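Heads up, the thing below is written out as structure tokens.
2 protein chains.
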Amino acid sequence: MDAIDEEIIRCVLRNARSTYAEIGEAAGLSAPAAKRRLDRLVATGAIRGFTALIDTQALGWRTEAFVEVYCKGNPSPAELQRDLEGIQEVVEACTVSGAADAMLHMLARDIPHLEQAIQRVREAPVIDRTESVIVLSRLLNRPRL
Amino acid sequence: MDAIDEEIIRCVLRNARSTYAEIGEAAGLSAPAAKRRLDRLVATGAIRGFTALIDTQALGWRTEAFVEVYCKGNPSPAELQRDLEGIQEVVEACTVSGAADAMLHMLARDIPHLEQAIQRVREAPVIDRTESVIVLSRLLNRPRL
DNA sequence: CGTGAAACAAAAGCTCT
DNA sequence: AGAGCTTTTGTTTCACG
Chain A
1 MDAIDEEIIR CVLRNARSTY AEIGEAAGLS APAAKRRLDR LVATGAIRGF TALIDTQALG
61 WRTEAFVEVY CKGNPSPAEL QRDLEGIQEV VEACTVSGAA DAMLHMLARD IPHLEQAIQR
121 VREAPVIDRT ESVIVLSRLL NRPRL
Chain B
1 MDAIDEEIIR CVLRNARSTY AEIGEAAGLS APAAKRRLDR LVATGAIRGF TALIDTQALG
61 WRTEAFVEVY CKGNPSPAEL QRDLEGIQEV VEACTVSGAA DAMLHMLARD IPHLEQAIQR
121 VREAPVIDRT ESVIVLSRLL NRPRL
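Listed in order, the protein sequences are those of chains A and B.
The letter at position 143 of the first sequence is residue 143 when you use UniProt numbering, and the numbering goes up by one with no holes.
The letter at position 46 of the second sequence is residue 46 when you use UniProt numbering, and the numbering goes up by one with no holes.
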């Protein structure tokens with residue numbers, strides 16, 4: 001993991017569909033060398049995959065919320081993960097410091113759909129109660145790094 | 001925006017580096033037809049771009065936080081956006097309902113780096129104070145949809 | 001939207017350092 | 001181990017039906 005790898009990562013972050021020639025040019029390498037580096041970054045797990053940035057508005061998913069989760073007892077992170085991964089509307093979940101046990105980022109079509117999804121979250125055995133904050137407008141959404 | 005477009009989106013969400021032949025197979029189309037559809041989805045903005053999923057741990061960015069922002073007066077979303085987009089550590093920002101004015105998702109190398117980045121956030125003229133929650137462990141991180 | 005041909009990029013080999 | 005070069009294979013991109 002050196003400066004060349006970081007250039008390659010910056011390049012595919014900007015455009016995951018870059019050709020190897022383009023990636024190589026960005027990193028100062030030939031196309032085959034760029035492919036070998038990229039393959040290695042995927043193999044070692046530094047790059048977890050390649051995905052598209054979808055305008056969820058265009059797809060009709062217009063309602064977002066951040067949800068603080070308070071648990072019953074002391075569930076392990078793994079238990080929480082198991083209960084949440086079945087709920088498609090939860091796009092991000094982390095255990096956190098502070099009063100709450102976890103923070104969820106949820107995405108739904110509209111308020112009724114969000115309400116119904118939060119309801120499903122609250123039905124999980126380990127979850128006691130939730131506190132939701134509705135997103136009004138999105139200011140920034142950057143690819144990580 | 002029909003069922004075929006949705007299949008194409010599902011395919012590039014799973015792997016943004018799919019060939020047009022693969023995308024076409026997933027959507028029941030020939031490769032040139034798949035390319036025309038994908039180009040149209042990018043042109044209309046339904047697909048905002050293609051990016052890589054980076055294991056930020058592997059890159060040494062191991063510290064994440066959610067930061068509630070309280071503003072002075074009533075800044076417009078555009079003003080907030082202007083003040084935040086210069087801070088690379090802010091990966092997501094939204095205005096929200098509830099007591100806070102905005103919610104930030106921040107990513108830093110370590111706690112000192114995070115503290116320094118939050119300090120830069122607090123120096124923005126429109127920002128009064130912040131309340132941070134540190135991420136302990138990441139349970140889920142799904143591509144949207 | 002599909003087909004076929006030309007231009008182009010990717011994959012796999014080998015060589016060199 | 002890692003980079004460059006070259007050939008073969010496969011993909012992209014047209015024009016056309």
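For glycine and all other residues, C-beta sits at the position ideal for the given N, C-alpha and C.
Every value quoted in this text rests on a predicted model; they were computed, and no experiment measured them.
- In its chain, beyond the 5 residues on either side, 100, 103, 130, 131 have a beta carbon closer than 7 Å to the beta carbon of residue 68(A).
- Assignment of beta-bridge partners to residue 49(A) by DSSP yields 53(B).
- Per DSSP, reduced to three states, the secondary structure at residue 99(A) is coil, with no helix or strand assignment.
- The beta carbon of residue 71(A) lies closer than 8 Å to those of 80, 101, 102, 126, 127, 128 in the same chain, with the five residues before and after it left out.
- Residues of chain A whose Cβ lies closer than 7 Å to the Cβ of residue 97(B) are, in chain order, 133, 134, 136.
- Here residue 94(A) is bridged, per DSSP, to 103(A), 138(B).
- Between residue 140(A) and residue 97(B), the alpha-carbon positions lie close to 17 Å from each other.
- For the set 40(A), 5(A), 25(A), 52(A), the Cα lying nearest the Cα of residue 16(A) is the one of 52(A).
- Against chain B, the CB of residue 103(A) has a partner CB under 8 Å away; the residue lies at that interface.
- Proximity of the stretch 102–122 of chain A to the stretch 3–22 of chain B falls short of the contact definition, fewer than three beta-carbon pairs being nearer than 8 Å.
- Within chain B, the residues 52 have their CB atoms less than 7 Å from the CB of residue 12(A), given in chain order.
- Using a Cβ-Cβ cut-off of 8 Å, residue 55(A) counts as an interface residue toward chain B, since at least one Cβ of chain B sits closer than that to its own.
- Look at residue 62(A) here: in three-state DSSP terms it is coil, with no helix or strand label.
- Taking C-alpha positions only, residue 143(A) is separated from residue 28(B) by approximately 31 Å.
- When DSSP states are grouped into helix, strand and coil, residue 124(A) belongs to the coil group.
- According to the DSSP secondary-structure assignment, residue 71(B) is paired through a beta bridge with 127(B).
- Taken through DSSP and simplified to helix, strand or coil, residue 31(B) comes out as helix.
- At least one CB atom of chain B sits nearer than 8 Å to the CB of residue 45(A).
- Short of 6 Å from the beta carbon of residue 50(A), and not among the five residues preceding or following it, lie these beta carbons of its own chain, in chain order: 16.
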